[in-house]
Structures are given as structure tokens and as C-alpha cells.
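Those protein sequences? They're chains A and B, same order as listed.
Its first residue numbered 68, the first sequence is counted upward by one per residue in the working numbering.
Its first residue numbered 11, the second sequence is counted upward by one per residue in the working numbering.
Don't be surprised by glycine CBs; every beta carbon is placed ideally from N, CA and C.
A quick note: this is a predicted structure, and the numbers were derived from the prediction, not measured.
Structure record follows, encoded as C-alpha cells.
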Amino acid sequence: AQSVTQLDSHVSVSEGTPVLLRCNYSSSYSPSLFWYVQHPNKGLQLLLKYTSAATLVKGINGFEAEFKKSETSFHLTKPSAHMSDAAEYFCVVRDRDNYGQNFVFGPGTRLSVLP
Amino acid sequence: DSGVTQTPKHLITATGQRVTLRCSPRSGDLSVYWYQQSLDQGLQFLIQYYNGEERAKGNILERFSAQQFPDLHSELNLSSLELGDSALYFCASSSNTDTQYFGPGTRLTVL
Chain A
68 AQSVTQLDSH VSVSEGTPVL LRCNYSSSYS PSLFWYVQHP NKGLQLLLKY
118 TSAATLVKGI NGFEAEFKKS ETSFHLTKPS AHMSDAAEYF CVVRDRDNYG
168 QNFVFGPGTR LSVLP
Chain B
11 DSGVTQTPKH LITATGQRVT LRCSPRSGDL SVYWYQQSLD QGLQFLIQYY
61 NGEERAKGNI LERFSAQQFP DLHSELNLSS LELGDSALYF CASSSNTDTQ
111 YFGPGTRLTV L
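Structure follows, in C-alpha cells:
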């Protein structure tokens, strides 16, 4: 069965500094991996996804993530944080060979951006 | 805007009551997923439908049920409501690309 660990429940950075949100997963099959962002009182928005093509995936708003199979990681990064990046971020795994099974969400990391 | 709509936006009701939440997926998406998000449990997968048939079940209580209609919209029915059922309920839809698109959610408050 799949599982997702987000190593930090809360990350705080200053505006203009890099962002690193960590995600580790376990999966029995070749996984699809996703990052979603949720702003306060809003639905979840897809930031980026990995589905077996390039291991470095670029998403919206300057975010990117690198799939590292040997480390079972899919960390999310951004070179320079903006105030509007303050939100909750969810890492998600889905086993691609097990079509129809549910998506598994990590517990979320709350990103705070300080002025 | 994801293209997924949910109604109502807010719902306030009393313990023991029954409510129905509605979701319309993106045009052409056959899969609909329901999630519950609460402060203590995080985001929990409830159930998935694909083209009218139940496809996968998660942590859905027996008091909860769902269905997907021929026009592909879906309803989540919550009955014998308890205080602990207060949460945000999200619907998501997907096509064969396996990316989920989320609706804005329904906030349920049980008093």
C-alpha cells in the first residue's frame, strides 16, 4: 500500500529566500506523485505532477520538484518565496499500476512567508 | 477555476439530521472522488465513482453514502450527523490522465 510522509508540519521562510518542502513516499508500484496547494478557505490546486517522464518537474508559480527513486523522495522547491506562497501544501502518491485505487495524501506542510 | 462545482458552499445543521452534498465534475471527467478534511484527521479519502459505478472506498462511515448519476454529477449523503462530522467536504474529478481537479468544497457545521 502507498503512504506519504511530509517531514515538516510547518515551515517558515523569509520573503525572497528559497523554499524546501520535503516529501517521502512508499509505493508498491511505479507511482504518480503530485503536489497540491491549498490557500485558506479554498479548494486544492494542482502545482505539479510526476508520471514517469522527466524526473525534474516544473509546476506553476515557479515551483519545481525532483523525483528521486533511490531516496523515495519528491521534495518541492522554489528559489525565491513570495508572500502569496503562504498556504498549506500536500504531497500525494498514486500507484499507476493499480488503476482506480485511491490517491493517498500526506498530512500537509503549512508554509509561512515572513516579510 | 478548476471546473468542478460543489453546492452548497456552507451548511449548518443539527445532530441527528441528514444532509446531501452535490458535486458536478469537469466536463468529460468520468471519475468523481469525495474527501473529508478536518483539523484533527487531515484530508481523508472517502469514496470514488467512475461512470456511475463505485470504484474505490476509503475511510467512509456506514452513515455516509454516495452515488453518481447518469449525467455524472455525484451526491454525498450524510445521515445521523454527529458533532465530529463537522468538516470541509471536497469533491474532485479526473479523466484518464489521473490528475484530480478539486472543487471549492462544502463546509458542514453540525451543532
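- In the same chain as phenylalanine 141 of chain A, and ignoring 5 residues on each side of it, the C-beta atoms closer than 7 Å to its own belong to Cys90, Tyr92, Leu100, Tyr117, Ala132, Phe134 and Cys158, in chain order.
- The beta carbon of valine 78 of chain A is closer than 8 Å to those of Val86, Leu87, Leu88, Thr176, Arg177, Leu178 and Ser179 in its chain, skipping five residues each way along the sequence.
- Along the region 78-100 of chain B, going in chain order, the ones with a CB nearer than 8 Å to a CB of chain A are Phe100.
- One Cα belongs to alanine 120 of chain A, the other to lysine 145 of chain A, and the distance between them is close to 21 Å.
- Residues of chain A with a Cβ closer than 7 Å to the Cβ of threonine 109 of chain B are, in chain order, Leu113 and Lys116.
- Fewer than three beta-carbon pairs drawn from the region 23-37 of chain B and the region 52-69 of chain B are found closer than 8 Å, and the two stretches are therefore not classed as touching.
- Taking alanine 154 of chain A as the centre and dropping the five residues before and after it, the same chain places the C-beta of Val104, Gln105, His106 and Leu178 closer than 7 Å to its C-beta, in chain order.
- Here DSSP, grouped into helix, strand and coil, assigns glycine 129 of chain A to helix.
- Cβ contact annotation for valine 171 of chain A (same chain, cutoff 6 Å, sequence separation greater than five): Gln69, Val71 and Val160, in chain order.
- Out of A:Leu181, A:Ser97, A:Gly129 and A:Val80, the CA that lies nearest to the CA of lysine 136 of chain A is found in A:Ser97.
- Here serine 76 of chain A is not bridged, per DSSP, to any residue.
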